[in-house]
(Lines of atoms letter the chains of each structure in order from A; the text may use other names.)
(Lines give C-alpha, C1' and ligand atoms only; values in the text may rest on other atoms or scores of the structure.)
Protein backbone atom coordinates (compact mmCIF):
# COMPACT_ATOMS: atom_id res chain seq x y z
CA UNK A 1 0.00 0.00 0.00
CA UNK A 2 1.33 3.42 -0.97
CA UNK A 3 0.61 6.33 1.34
CA UNK A 4 1.54 9.93 1.94
CA UNK A 5 1.54 12.10 5.03
CA UNK A 6 0.55 15.73 5.18
CA UNK A 7 0.67 18.22 8.02
CA UNK A 8 -1.39 21.38 8.14
CA UNK A 9 -1.75 24.67 9.95
CA UNK A 10 -4.67 27.08 10.00
CA UNK A 11 -4.65 30.73 10.97
CA UNK A 12 -7.28 33.47 11.00
CA UNK A 13 -6.18 36.85 9.73
CA UNK A 14 -8.04 40.12 9.14
CA UNK A 15 -8.17 41.76 5.77
CA UNK A 16 -10.14 43.75 3.23
CA UNK A 17 -10.99 43.10 -0.39
CA UNK A 18 -13.61 43.91 -3.01
CA UNK A 19 -15.00 42.44 -6.22
CA UNK A 20 -15.20 45.15 -8.89
CA UNK A 21 -16.94 42.84 -11.39
CA UNK A 22 -19.62 41.61 -8.99
CA UNK A 23 -22.97 41.07 -10.72
CA UNK A 24 -25.81 43.44 -9.90
CA UNK A 25 -27.47 41.04 -7.46
CA UNK A 26 -24.21 41.04 -5.45
CA UNK A 27 -23.32 44.69 -6.04
CA UNK A 28 -22.50 45.17 -2.34
CA UNK A 29 -19.35 43.09 -2.94
CA UNK A 30 -17.97 45.83 -5.18
CA UNK A 31 -17.29 47.96 -2.10
CA UNK A 32 -14.26 47.33 0.11
CA UNK A 33 -15.30 45.02 2.94
CA UNK A 34 -13.61 43.22 5.81
CA UNK A 35 -13.30 39.52 6.54
CA UNK A 36 -11.53 37.36 9.03
CA UNK A 37 -9.85 35.14 6.44
CA UNK A 38 -9.34 31.53 7.53
CA UNK A 39 -6.22 30.21 5.83
CA UNK A 40 -5.27 26.55 5.93
CA UNK A 41 -2.16 25.07 4.33
CA UNK A 42 -1.27 21.39 3.97
CA UNK A 43 2.24 20.30 3.09
CA UNK A 44 3.67 16.87 2.31
CA UNK A 45 6.19 15.47 4.74
CA UNK A 46 8.59 12.56 4.33
CA UNK A 47 9.01 11.51 7.95
CA UNK A 48 7.01 11.68 11.17
CA UNK A 49 9.33 13.77 13.34
CA UNK A 50 8.36 17.35 12.49
CA UNK A 51 9.63 17.38 8.92
CA UNK A 52 7.60 20.60 8.79
CA UNK A 53 6.69 21.88 12.24
CA UNK A 54 3.08 23.11 12.57
CA UNK A 55 3.97 26.34 14.34
CA UNK A 56 6.65 27.16 11.77
CA UNK A 57 4.13 26.65 8.99
CA UNK A 58 1.65 28.96 10.74
CA UNK A 59 4.43 31.54 11.16
CA UNK A 60 5.19 31.37 7.42
CA UNK A 61 1.52 32.06 6.65
CA UNK A 62 1.45 35.00 9.05
CA UNK A 63 4.72 36.33 7.64
CA UNK A 64 3.29 36.29 4.12
CA UNK A 65 0.12 38.07 5.28
CA UNK A 66 1.93 40.79 7.22
CA UNK A 67 0.88 42.57 10.38
CA UNK A 68 -2.57 43.97 10.93
CA UNK A 69 -5.36 44.12 8.39
CA UNK A 70 -4.15 43.20 4.91
CA UNK A 71 -5.37 45.20 1.94
CA UNK A 72 -6.08 42.51 -0.66
CA UNK A 73 -7.60 44.79 -3.30
CA UNK A 74 -9.67 42.80 -5.81
CA UNK A 75 -8.02 39.46 -4.94
CA UNK A 76 -10.44 36.55 -4.61
CA UNK A 77 -10.00 33.67 -2.18
CA UNK A 78 -8.72 31.65 -5.15
CA UNK A 79 -6.13 34.30 -6.00
CA UNK A 80 -5.00 34.58 -2.38
CA UNK A 81 -4.64 30.79 -2.16
CA UNK A 82 -2.51 30.56 -5.32
CA UNK A 83 -0.38 33.52 -4.27
CA UNK A 84 0.30 31.94 -0.88
CA UNK A 85 1.03 28.56 -2.49
CA UNK A 86 3.60 30.17 -4.79
CA UNK A 87 5.17 32.01 -1.84
CA UNK A 88 5.48 28.83 0.24
CA UNK A 89 6.86 26.84 -2.70
CA UNK A 90 9.51 29.53 -3.00
CA UNK A 91 10.36 28.87 0.66
CA UNK A 92 11.01 25.20 -0.19
CA UNK A 93 7.83 23.73 1.28
CA UNK A 94 6.07 20.81 -0.43
CA UNK A 95 2.67 22.47 -0.63
CA UNK A 96 -0.26 20.14 -1.24
CA UNK A 97 -3.31 22.35 -0.57
CA UNK A 98 -4.12 25.92 0.36
CA UNK A 99 -7.59 26.96 1.46
CA UNK A 100 -8.77 30.51 2.02
CA UNK A 101 -12.25 31.28 3.31
CA UNK A 102 -14.17 34.38 4.19
CA UNK A 103 -15.01 34.18 7.89
CA UNK A 104 -14.94 30.36 7.74
CA UNK A 105 -18.21 30.39 5.80
CA UNK A 106 -17.26 30.13 2.11
CA UNK A 107 -13.99 30.03 0.26
CA UNK A 108 -11.69 28.22 -2.11
CA UNK A 109 -9.21 25.36 -1.93
CA UNK A 110 -6.42 24.95 -4.45
CA UNK A 111 -4.67 21.61 -4.76
CA UNK A 112 -1.26 21.12 -6.30
CA UNK A 113 -1.14 17.85 -8.22
CA UNK A 114 2.60 17.39 -7.89
CA UNK A 115 5.03 19.65 -6.12
CA UNK A 116 4.45 23.08 -7.59
CA UNK A 117 2.15 21.88 -10.39
CA UNK A 118 -1.18 23.57 -10.95
CA UNK A 119 -4.09 21.56 -12.36
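Residue numbers (the numbering used here): 1 to 119.
Using N, Cα and C, we set each Cβ at its ideal position, and we do this for glycine too.
For residue 73, the CB contacts under 8 Å within the same chain, skipping 5 residues up- and downstream, are 17 and 18 in chain order. If you draw a 10 Å sphere on the C-beta of residue 46, you find fewer than 16 other C-beta atoms in it, and that means exposed. Every unbroken stretch of the beta strand (DSSP E) spanning 3 or more residues and falling wholly within the region 86–113 is given here in chain order: 95–102 and 106–111.
Minimum Cα-Cα distance from residue 7 among the listed residues 44, 37, 25 and 20 corresponds to 44. Checking the DSSP bridge columns, you'll see residue 10 partnered with 40.
DSSP places residue 15 within a strand segment (E or B) once states are collapsed to three. Residue environment: residue 60 is assigned as buried (16 or more neighbouring CB atoms within 10 Å of its CB, all protein chains considered).
Every alpha helix (DSSP H) stretch that sits fully inside the region 52–77 and reaches 4 residues is listed by chain position as 54–65.
Short of 8 Å from the beta carbon of residue 51, and not among the five residues preceding or following it, lie these beta carbons of its own chain, in chain order: 7 and 45.
The DSSP-derived three-state label of residue 79 is helix.
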